[in-house]
Amino acid sequence: MTAFRIKIISDNICPFCHLGRARLDRAIAQFRETSPADTFDISWHAYHLDPNAPTTSEPVLEMVARKYGAARTAAMQQRLRQAGASEGINFTFAGRTGSTRDSHRLIQLGRQRNAEDSVVREIMRMYFEEEGDITAEEDLVGAAERAGLDADEARGWLREGKGGKEVDREVAEAYAMGVTGVPHFVINDRFEVHGAEDVPVFLEQFRRAKEADAAA
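Sequential numbering of the sequence shown, starting at 1, is according to UniProt numbering.
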């Protein structure tokens with residue numbers, strides 16, 4: 001039996017992180033078909049694609065169009081919608097974007113309550129598929145509640161600034177590692193997948209990690 005530890009460096013406004021997690025899910029399911037005793041422990045680590053993003057949000061399409069231009073933005077939307085549909089993701093591109101620090105802080109609470117992965121999934125679903133605001137307290141609390149956390153505790157956590165030091169440390173660690181894009185997957189502290197690669201790429205790294213574990 002191999003115990004897989006998968007560290008995902010991610011930002012909650014990165015569509016490729018949402019897509020990459022769906023592909024990771026499929027890869028794990030396929031791998032377990034032949035190795036059902038293996039276990040997978042997943043942890044999420046914060047990253048800021050834009051460390052200077054404002055705490056006041058704006059429509060995501062306005063931000064993307066300003067950065068890449070209208071034509072490139074439209075092409076990106078089409079590609080992501082097609083890729084998302086194949087993974088059961090309905091990208092709306094109608095959310096509001098801004099600083100992701102509060103959303104990462106909420107994930108720290110999820111970690112304490114053994115609901116880290118569920119909190120990440122609900123935050124991303126809220127933002128990418130439900131036209132949510134990544135900076136809005138009530139949208140974040142709603143995501144936390146759907147993940148099984150207590151709404152009042154989540155609201156208090158956000159208002160009291162909890163989890164900020166942990167988030168800042170994780171971001172600094174990612175920069176120190178040389179991570180320049182997300183998602184970035186690290187398997188058993190050794191094997192890496194860069195970006196939202198397709199299932200065979202994950203399967204190959206699982207195989208290598210399992211062989212290394214057997215040889216240890």
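Just so it is clear, CB atoms sit at the ideal spot from N, CA and C, and this is done for glycine as well.
Rounded to the nearest angstrom, the gap between the Cα atoms of M177 and A196 is 19 Å.
DSSP places I13 in no alpha helix (DSSP H); its state is neither H nor E.
Look at the stretch 140-199 and you find these whole runs of alpha helix (DSSP H), each 4 residues long or longer: 151-159 and 164-177. Note: A3 is bridge-paired with T39 in the DSSP secondary-structure output.
The DSSP-derived three-state label of E58 is strand. Residues F191 of the same chain have their beta carbon placed closer than 7 Å to that of R208, with the five preceding and five following residues left out of the count.
If you ignore the 5 residues before and after I107, its C-beta comes within less than 7 Å of the C-beta of W44, E116, V119 and V120, all in its own chain and listed in chain order.
With a beta-carbon spacing of about 18 Å, L149 and R101 fall beyond the 8 Å limit used to define contacts.
With a cut-off of 8 Å on Cβ pairs, the stretch 31-48 is not in contact with the stretch 70-87, counting fewer than three such pairs. Contact annotation: V199 and R26 have beta-carbon atoms nearer than 9 Å.
Here the C-alpha atom of T2 lies approximately 14 Å from the C-alpha atom of L203.
In this structure, DSSP gives A216 a state outside helix and strand, which the three-state scheme calls coil. Close CB contacts of E137 within its chain, under the 7 Å cut and outside five residues either way in sequence, are with R155 and L158 (chain order).
The beta carbon of T97 sits closer than 7 Å to the beta carbons of I13, S57, E58, V60, M63 and I134 from its chain, once the five residues preceding and following it are set aside; these are given in chain order.
Around the beta carbon of S103, a 10 Å sphere encloses 16 or more other beta carbons of the protein chains shown; the residue is thus reported as buried. One Cα belongs to A75, the other to A151, and the distance between them is close to 38 Å. Relative to the Cα of H194, the nearest Cα in the group R5, F16 and F4 belongs to F16. Beyond the five residues adjoining it in sequence on each side, D139 comes within less than 7 Å, by CB distance, of M126, G132 and D133 in the same chain, given in chain order.
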